[in-house]
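When we follow our numbering, the leftmost residue of the sequence shown carries the number 610, and every step to the right adds one. Report on one structure; see the data block that follows.
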Amino acid sequence: ALEFEKEIKSDSVQLVDVRTPQEYTEGHIDGALNINMQSDDFKDMAQRNLSKDSTVLVYCRSGRRSLDAAEILTSLGYKVVNLKGGIIEWKEDGLPVVSEQEN
């Protein structure tokens with residue numbers, strides 16, 4: 610997670626949360642775009658919202674769905690980095706999340 614955080618801080622990355630919209634609103638990494646891995650239009654949404662010019666950082670809850678998402682995105686021609694332990698590891702490392710419910 611700490612290395613993932615360093616990647617986020619580099620300028621040319623796109624951060625994607627591949628969990629459900631509900632999971633996303635409960636708490637996500639600041640600046641993350643929510644593209645639900647489980648929705649039928651995941652590929653379309655990714656291609657509409659992501660640039661192939663910069664690295665895509667993906668994460669989910671524990672790392673399982675984002676691994677699948679990373680494989681799909683890689684097959685579409687994106688350069689992808691997956692947060693192996695998901696947002697669970699991110700929080701365990703004491704890194705911040707933002708929640709939509711706090712607004």
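For every residue, glycine included, the Cβ atom is placed at its ideal position computed from N, Cα and C. Since this is a predicted model, take the numbers as computed values, not measurements.
Its Cα nearest to that of V627, the residue A678 stands out among A678, V665, A610. Under DSSP, Q623 forms a beta bridge with V665.
The DSSP-derived three-state label of L685 is coil.
Look at N645 here: in three-state DSSP terms it is coil, with no helix or strand label.
With 16 or more neighbouring CB atoms inside 10 Å of its own CB, S675 falls in the buried class. With a cutoff of 9 Å on beta-carbon distance, G703 and Y668 are scored as not near each other.
The straight-line gap separating the alpha-carbon atoms of L682 and S621 is approximately 17 Å. With contacts defined by Cβ atoms closer than 9 Å, Q623 and T664 form a contacting pair. If you draw a straight line from the Cα of S671 to the Cα of E698, it is about 7 Å long. Taken atom to atom, the span from the alpha-carbon of S648 to that of E616 is near 27 Å.
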